[in-house]
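One structure is given here, and the rest of the page talks about it.
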Amino acid sequence: MKRSLKTPLAMAIFLTAIAGPAFAGNYAEGDPRPAPLTASTSRAAVVADTQRWLQSAPDQGYPQGNPRAVISVSSNSRAAVQADTTIWMRSGLAAAQLGEAGADLSRPVSQRAAAESARRRTSPEFAGLMEDIARKGVTAAAGTGRNATTGR
100 MKRSLKTPLA MAIFLTAIAG PAFAGNYAEG DPRPAPLTAS TSRAAVVADT
150 QRWLQSAPDQ GYPQGNPRAV ISVSSNSRAA VQADTTIWMR SGLAAAQLGE
200 AGADLSRPVS QRAAAESARR RTSPEFAGLM EDIARKGVTA AAGTGRNATT
250 GR
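Here the sequence shown stands for residues 100 to 251, where the numbers follow this note's numbering.
As structure tokens, this is what we get:
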């Protein structure tokens, strides 16, 4: 039995004619590469406009409405940060904040943990912890030949 190739060939040509434009991309509009945009305003005009805007810009987020004010940041010692973290964990605030509900202070568990954390921060335990951590840090750094504050 001899098969004719006319039908499959006609079907292939027909499907290619239908599907061809889908694979060709968007060539109907010409070159598919994006054309560079040309600016209608000069660089100097943009700089001048920006400087004018900065003079009258809203001052949200800046202290006392002064956008050039220096914001002071308090610095804690390494021992103070480690002691604060230890108090945070011991008070149960870490577990309350890292649970499924997150840092939701409307929950009684979080309120109790926050109160306990605040109480422990003002207690002599906090100062003792700081001294202990500072002493251990100096001892550990002296044993390794490193500076306690820089770690070098």
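For each residue, glycine too, the CB sits at the ideal point set by N, CA and C.
Item to check | Nearest residue (CA-CA) to G236, options T106, S141, T137 and A178 | outcome: A178
Next on the checklist: So the candidates are F113, Q196, G201 and I232; which of them puts its Cα closest to the Cα of A182?
Outcome noted: I232
Next on the checklist: On the CB-based measure, 16 or more other CB atoms within 10 Å of its CB, does M229 come out buried or exposed?
Outcome noted: buried
Next on the checklist: 9 Å is my cut-off, CB to CB: does R234 come that close to chain E?
Outcome noted: Of the protein chains in the structure, only one exists, and it is not chain E.
Item to check | Three-state secondary structure assigned by DSSP to I112 | outcome: helix
Next on the checklist: Would the stretch 212–231 count as touching the stretch 181–196 if we require 3 or more Cβ pairs under 8 Å?
Outcome noted: yes
Item to check | 8 Å Cβ shell around S85 - same chain, five flanking residues per side excluded | outcome: In the structure as shown, the chain begins at 100 and stops at 251. Residue 85 is therefore absent and cannot be evaluated.
Checklist entry - Grouping DSSP H, G and I as helix and E and B as strand, with all else coil, what is S222? => result coil
Next on the checklist: Using a Cβ-Cβ cutoff of less than 7 Å, which residues in the same chain neighbour L192 once the five nearest sequence positions on both sides are dropped?
Outcome noted: A212, A213 and S216
Checklist entry - Do V180 and A195 have their CB atoms nearer than 9 Å? => result no
Checklist entry - Does DSSP put L228 in a helix, in a strand, or in coil? => result helix
Next on the checklist: Measuring straight from C-alpha to C-alpha, what distance separates M110 and A118?
Outcome noted: 12 Å
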